[in-house]
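Reviewing the structure listed below.
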Amino acid sequence: MSLNSVNIMGNLTRDPEMRFTSSGRPVCNLSIANNRVFSKDGQKTQEVSYFDIEVWGVIAENCAKYLAKGSGIIVEGRLKQDRWDKDGKTQSKVRIVANNVHFMPKRQGDGGGGYDGGGYQSEPAPSRASAGSPAESSAWEE
Numbered sequence: 030m031s032l033n034s035v036n037i038m039g040n041l042t043r044d045p046e047m048r049f050t051s052s053g054r055p056v057c058n059l060s061i062a063n064n065r066v067f068s069k070d071g072q073k074t075q076e077v078s079y080f081d082i083e084v085w086g087v088i089a090e091n092c093a094k095y096l097a098k099g100s101g102i103i104v105e106g107r108l109k110q111d112r113w114d115k116d117g118k119t120q121s122k123v124r125i126v127a128n129n130v131h132f133m134p135k136r137q138g139d140g141g142g143g144y145d146g147g148g149y150q151s152e153p154a155p156s157r158a159s160a161g162s163p164a165e166s167s168a169w170e171e
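Letter by letter, the sequence shown follows residues 30 to 171 in our numbering.
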C-alpha cells in the first residue's frame, strides 16, 4: 500500500501562471507561502515555508481566472518529486500536484484576498474552484 496525500493552506506569492500542454490540456502553476506560528522560549515565533503547486484541467483554468497574488487557498493533493541531471549532478525538487483547490475568503478592506485567520466578510466564500464561477457551484467537473 502506498499513501501520498497532503493538505496545505497558504497565500499565493505570485499570480497564477497558466499554460497549455501540446495536446491542449490546461495546467496552472501556483506558489504559496505557509505560515507556522509557534512558541519558542516563551516568544511567539513564525516560520514560513514555500511550496510550488501544479493544477490541471478545469480546476487550473478556474485558479488562473479567480486567484491572484495574495489569495488564500487550501490545497488537497499529492507530492511529486522531479529529478534531472545538471552538470553531471542529480537535482531534485518536490512539488504538490493538486486534486482540489479551495478558495479562502478575502480579508475585509483588502483587494489581495489573503487569509489572515480572521476578519472575514459576512458572506461565505466559495469552497472550490468549480467549473463555473466560484459562487455558482461547488462541484468539480473535468
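Even for Gly, the Cβ is constructed at its ideal location relative to N, Cα and C.
Contact annotation, Thr42 with Lys98: C-beta distance approximately 7 Å; criterion of less than 8 Å satisfied. For Ala89, the uninterrupted alpha helix (DSSP H) segment begins and ends at 86-95. Judged by beta-carbon spacing, Gly53 lies beyond the 8 Å limit of Phe80, meaning their Cβ atoms are not closer than that value.
Taking C-beta separations shorter than 8 Å and ignoring five residues to either side along the sequence, the partners of Thr74 in its chain run Val66, Phe67, Ser68, following chain order. Along the stretch 44-85, the beta strand (DSSP E) occurs as fully enclosed runs of 3 or more residues at 46-49, 55-69, 72-85, listed in sequence order. For Phe49, same chain residues with a beta-carbon under 8 Å away, outside a window of 5 residues either side, are Pro55, Val56 in chain order. Its chain contains Ile37, Met38, Gly39, Val77, Ser78, Tyr79, Phe80 as the residues whose beta carbon lies nearer than 8 Å to that of Asn63, once the 5 sequence neighbours on both sides are disregarded; these appear in chain order. Put simply, of Val130, Arg124, Arg136, His131 the residue whose alpha carbon is nearest the alpha carbon of Asn33 is Arg124. Contact between Ile82 and Leu59 holds, since their C-beta atoms are separated by about 4 Å, short of 8 Å. If the five residues before and after Ile103 are omitted, its C-beta is found closer than 6 Å to the C-beta atoms of Met38, His131, all from its own chain and listed in chain order.
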